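Working notes, beginning with the structure itself.
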Amino acid sequence: MKLKLLPVLLAAGTAFATVSAPAFAQNVIADYEPVTAEMLANPPAEEWLMFRGKYNNQGYSELDMINKDTVGDLELAWAWPMAEAGIQETAPLVHDGIMFLQTNNNIVEAINAETGDLIWQYRHAVAEIPASWSYQANQARRQKNSIALYEDKVILTTVDAKIVVLNAADGKVAWEKQVLDYNKGYSYTVGPLIADGKIISAISGCSIAGTAGGCYIMAHDVETGDELWRFNTIDDPDNPAQQESWGGVPPENRWGGTPWTTGAYDPETNTTFWGVGMPGPYAQLIRGSGDGSVLYTNSTLAIDVDTGKLKWYYQHLPRDNWDLDSPFERMLVDQEIDGVMHKMLVTVPGKNGIAFALDRDTGKYLWSKETIVQNVVDKIDEDGTVHINEDLVFNALGEEFLVCSSVSGGKLWQAGAYSPLTQAYFVPLTEACNTVAPTQTEFTAGNAVGSVKFGPRVLPEGITDAGLMQALDINPTQGESKWQYRYRPSPTSSVLATAGGLVFGGDASREIKAWDQETGEVVWSQRLNAPIGGYPMTYAINGEQYLVVPTGYSNSASSISSAFPEIPLPTGSGNSIFVFKLPSDAKTASAN
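In mature numbering (1 follows the signal peptide of the UniProt record, and there is no 0), the protein residues as written are -25 to -1, 1 to 567.
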């Protein structure tokens, strides 16, 4: 990698100015190697090219220099303070010796991945958000979980509902596209996916008052930004059953269905898989849908990348009344058993913490497994039909029930990881319940239409520790627990699995841990400056493996302050990344 400094200083932008521009002194990456379609389909082990490392969303790395024998020798290589405060959900990418990092308010930075030196920074600027738009303002301060790399481009989706394509070499804008109307409440809180040369993106904000009638997964041309197709997650005119599932509620009075976690992609079938969130308003009493299942909320969607047509769907939680949405990571897992290759989609899709395995070619239900205390799903039939607990369905405004898991518990955005070494799915979970009661509220611009009141988070009866790392043995016929590790605070980061036999993840007590994949034993830990956040990842340069650990503010961390007063939280955001590596003598010993 070669760098040269531009002969001028570029004017700094601000997060809420009216134009988009690079900021501060900029360098240029000389001889940047374009990211090809072949690289995306078969990423080099030493790089991390997309949201969860590969199209399969497994969050697994083949690197093994950091392993059970060497992890205790890790030392800090460098650290980097992020440009803005806010919720820490960053997913760093590494290619050609460069780390590409998105921070809050759609700031993108290119950093020398070996030294931690800034190369360039881009600041996306949007019009100032009215103070009364409280929900939308919160989304603006939220880090998007990923960006995408393709050819000589860095692709990001923004809080003001734009796709912006940057030149990877210098951070300058190649083109940008206004996708939907930001003033209605549409935004992006999820990063794009590059599939078959297309930008696949999913819009957010669909529970905001002005966005009734549609939430979308879309494809755009990577060169021009032209829209190629869009799929509406709550209004599918091609499926009468979907229309009937809303109980007579017309599309213009439907909300929700936000797909707010980046999907997976199977190049063999040219299919992309996305999870979809809850309906709005949250309670069927207010949304008027009766006992309809309100498709395609809380579902997995399999979509043809070429046409945008739905191949199949499976609904994990019909008739959601409690904001227990199910948009989280879908993982693609192949396992050969008795000479037969089984192609599965495995997920813990939502806050009630139930794990599911589906046949990813057909959507056929294979099995499910409860991972935490929950009282929302009563049973799941052998054919995969999910039955909710009718005793928790509201019949009147103000009626209150204790619901497990809570709106901030169970499985949240923190992604799990799958390891082919152990054929295990490692899932970070939170044991929690809260009371829920429907309320009649006025729908106002920039604010959500949830219309329920949540009580404080409490632990389920008999549970003393909120945090749970669950290792599920994955196979085509059942999912059983290999081991569990319980700890006091909530997990606040996603999970990384590696060929070194380790699983990395962090929590609200500011501690990053490494577990032995086989036994669940903690073999290394390190306390840092703030709750561990975002998506830990790993890469290698010049034969040395690096471990990246984001830290910073988290909704999951802030929600424990009353439940666990013995765990002090920092007063500042602490948004940073810490990068560890082995000392040279440890690396040499490992090689021998």
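A virtual CB, placed ideally from N, CA and C, is assigned to each residue, including glycine. Treat the numbers as computed from the prediction; the structure is a model and nothing was measured.
Own chain, CB closer than 7 Å to residue i, minus 5 neighbours either side, in chain order
| i | result |
| --- | --- |
| K286 | T246, A277, I278, D279 |
| K386 | F303, V323, G325, K326, G328, V402, L404 |
| K137 | E151, K152, Q153, V154 |
| A420 | W108, A184, G185 |
| M253 | G231, T272, N273, D295, D298, L299, D300 |
| D39 | T473, A474, G475 |
| D201 | H195 |
| A258 | N296, F369, P413, S426, V427 |
Straight-line gap, residue i to residue j (C-alpha atoms, nearest Å)
| i | j | result |
| --- | --- | --- |
| M14 | Y161 | 32 Å |
| F75 | W388 | 21 Å |
| T237 | L168 | 7 Å |
| E486 | Y35 | 21 Å |
| Q63 | V69 | 18 Å |
| K284 | A194 | 12 Å |
| P464 | A423 | 29 Å |
| G255 | V427 | 10 Å |
| A441 | R461 | 8 Å |
| G480 | P466 | 8 Å |
| L299 | L367 | 13 Å |
| V129 | D145 | 10 Å |
| V554 | I174 | 30 Å |
| V251 | T208 | 8 Å |
| P(-19) | Q445 | Because the pLDDT at P(-19) is just 38, under 50, the model does not fix this residue reliably, and the value given afterwards should be weighed accordingly. If you take the alpha carbons of P(-19) and Q445, they lie about 53 Å apart. |
| N450 | Q398 | 8 Å |
| L447 | F26 | 22 Å |
| L131 | E436 | 43 Å |
| L292 | V315 | 31 Å |
| F369 | P226 | 23 Å |
| L333 | W342 | 7 Å |
| I94 | K147 | 12 Å |
| E311 | K318 | 9 Å |
| N374 | A106 | One detail in the question is off: residue 374 reads as Glu in this sequence, not Asn. So the two alpha carbons sit approximately 31 Å from each other. |
| D213 | I355 | 27 Å |
From the options, residue whose alpha carbon lies closest to that of residue i
| i | options | result |
| --- | --- | --- |
| G180 | T233, G325, G146 | T233 |
| L320 | S274, S121, Y125 | S274 |
| K29 | R461, I438, G476, Y393 | Y393 |
| C190 | D201, G200, I178, D196 | I178 |
| M57 | I552, K556, L557, P558 | I552 |
| T65 | T164, N42, D39 | T164 |
| S380 | A371, T360, I355, T346 | T346 |
| K339 | V351, T452, F429 | T452 |
| V348 | A330, W342, E357 | A330 |
| A474 | L124, E21, Q290 | E21 |
| T272 | G263, D266, R294 | R294 |
| F418 | D201, R262, E89 | R262 |
| T526 | A332, I122, R502, F376 | R502 |
| A88 | I4, L372, L341 | I4 |
| P543 | S484, V140, G518, E37 | S484 |
| N409 | K556, S383, E311 | S383 |
| A123 | E37, N32, Y110, L24 | L24 |
| P215 | V140, F248, L260, G267 | G267 |
| A517 | D358, L557, E493 | Note on residue identity: the sequence assigns Asn, not Ala, to residue 517. N517 has its Cα closest to that of L557, out of D358, L557, E493. |
| Y289 | F248, D313, A12 | F248 |
Sequence-distant residues of the same chain with beta carbon closer than 6 Å to residue i, five excluded per side
| i | result |
| --- | --- |
| P9 | E126, D127 |
| Y157 | D135, A136 |
| W55 | G91, I552 |
| G265 | G222 |
| R205 | Y191, M193 |
| A112 | I104 |
| P545 | A505 |
Contacts around residue i, its chain only, beta-carbon distance under 8 Å, and the 5 residues preceding and following it disregarded
| i | result |
| --- | --- |
| G391 | G34, E304, M306, V323, Y400, F401, V402, P403, S469, V470 |
| V498 | K43, V46, G47, L477, A489, W490, D491 |
| Y528 | A60, G61, I62, Q63, A505, P506, G508, S548, G549, N550 |
| D353 | H362, I363, N364, E365 |
| D281 | D171, N245 |
| D211 | Q217, Q218, L270, Y271, L285 |
For residue j and residue i, believed in contact at Cβ under 8 Å, the rounded distance
| i | j | result |
| --- | --- | --- |
| W230 | A187 | 5 Å |
| D241 | R335 | 7 Å |
| V523 | P67 | 5 Å |
| V140 | T133 | Their Cβ separation, rounded to whole angstroms, is 11 Å, which puts V140 and T133 out of contact at 8 Å. |
| L372 | Q415 | 6 Å |
Entirely within the region 89 to 166 and at least 3 residues each: give me those beta strand (DSSP E) ranges in chain order. Segments of the beta strand (DSSP E) lying fully in the region 89 to 166: 93 to 98, 123 to 125, 128 to 132, 137 to 142, 148 to 153.
Runs of beta strand (DSSP E) wholly within the region 400 to 461 (minimum 3 residues, chain order): 408 to 413, 427 to 429, 442 to 449
Whole alpha helix (DSSP H) runs in the region 4 to 59 with 4 or more residues, listed along the chain? 12 to 16
Threshold first: 4 residues or longer. Then list the alpha helix (DSSP H) segments lying entirely within the region 496 to 557, N to C. 530 to 533
What are the complete beta strand (DSSP E) segments, minimum 3 residues, inside the region 308 to 383? Listed in chain order, the complete beta strand (DSSP E) runs (minimum 3 residues) inside the region 308 to 383 are 315 to 322, 329 to 334, 340 to 345, 352 to 355, 361 to 363, 376 to 379.
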